[in-house]
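Just so we're aligned, residue 90 is where the sequence shown starts under this note's numbering, counting upward by one.
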Amino acid sequence: MNYLAHMALAPDNDNARIGNYLGDFIKGLEDVLRCQYSQAVVDGIMLHRRIDQFTDSATEFNLMCAVFRSKFGRVAPIIVDVMLDHLLIRHWDEFMSESFETFLSKAYRSLHMIVNDNNYPEKCRKFTRRLIERDAFNVYSSMEGIHEILCSINRRLKNRTRLPEASPVIINNFIELDTLFIQFFPKLKCFSEENS
90 MNYLAHMALA PDNDNARIGN YLGDFIKGLE DVLRCQYSQA VVDGIMLHRR IDQFTDSATE
150 FNLMCAVFRS KFGRVAPIIV DVMLDHLLIR HWDEFMSESF ETFLSKAYRS LHMIVNDNNY
210 PEKCRKFTRR LIERDAFNVY SSMEGIHEIL CSINRRLKNR TRLPEASPVI INNFIELDTL
270 FIQFFPKLKC FSEENS
């Protein structure tokens, strides 16, 4: 799961969305985190970790990764994470109770709270500011946007990869990826609700 899906799977409040978004930025033991952040933010961080564990062990996720593994190796899960956000937008009305526009408004409000709070790591705040400026969650909705995101991720990696070459593989395997997402997401949503 990438940022959009993590925020969409969080309970419907700013602190939970913030925590679920921060899971990739903030490491450490739960007890230590509770001394630094609110209960709801820490709960969101812990939910993020549980979602990642659930996703990484899911058959559908691993089948999606297999589509990319031979050509992209260790970065195959990155491609799938980005695709999961794209596919969630594509199927938003099937799986989510509020409109995508309503969710976006709430998500960006939560992200602005991160940018404006010095308690969060500067690297995270800087990344979040760029995400807002690029309207990144809307970028996920198109294949051109997916390519742009993969290129951006590739630039941030220490060792460059073939991520920018993923678009044709995505297009050629789109039906399979879409089918696997439709099978997987209801399970993930149920898991998230049970673990919130």
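Cβ coordinates follow ideal geometry from the N, Cα and C atoms, glycine included.
Under the three-state reduction of DSSP output, C124 falls in the coil class, being neither helix nor strand. The beta carbons of F226 and A255 sit about 20 Å from each other, so the pair does not count as a contact at 8 Å. Look at the stretch 131 to 179 and you find these whole runs of alpha helix (DSSP H), each 4 residues long or longer: 148 to 161 and 165 to 179. In this structure, DSSP gives E211 a helical state, which the three-state scheme calls helix. Counting other Cβ atoms within 10 Å of its Cβ, N91 reaches 16 or more and is therefore classed as buried.
One Cα belongs to R219, the other to V204, and the distance between them is close to 10 Å. Distance check between L176 and each of F280, P275, S281 and N284 places P275 closest, using alpha-carbon atoms only. Nearest in C-alpha terms to I107, of all of L98, L200 and L193, is L200.
Just measuring C-alpha positions, the residue of M172, K215, N208 and F189 sitting nearest G234 is M172. For the set T191, I168 and E283, the Cα lying nearest the Cα of V258 is the one of I168.
Inter-segment contact for the stretch 241 to 248 and the stretch 131 to 151 is absent: fewer than three beta-carbon pairs are separated by less than 8 Å. Annotation for R123: V131 place their beta carbon closer than 6 Å to its own, counting only its chain and skipping 5 residues before and after. In the three-state scheme derived from DSSP, where H, G and I count as helix and E and B as strand, K116 is classed as coil. In the structure shown, the three-state DSSP call for A99 is coil.
Between the C-alpha atoms of P253 and N207 there is a straight-line separation of about 34 Å. Looking at C213, E187 and R223, the one whose alpha-carbon comes closest to that of L98 is E187. Boundaries cannot be given for K247, as no alpha helix (DSSP H) includes it and DSSP labels it neither H nor E. Beta-carbon to beta-carbon, L266 and V156 are separated by about 7 Å, close enough to satisfy the 8 Å threshold. A residue is called buried once 16 or more other Cβ atoms fall within 10 Å of its Cβ, and L269 is buried on that count. Around the beta-carbon of E119, fewer than 16 other beta-carbon atoms lie within 10 Å, marking it exposed.
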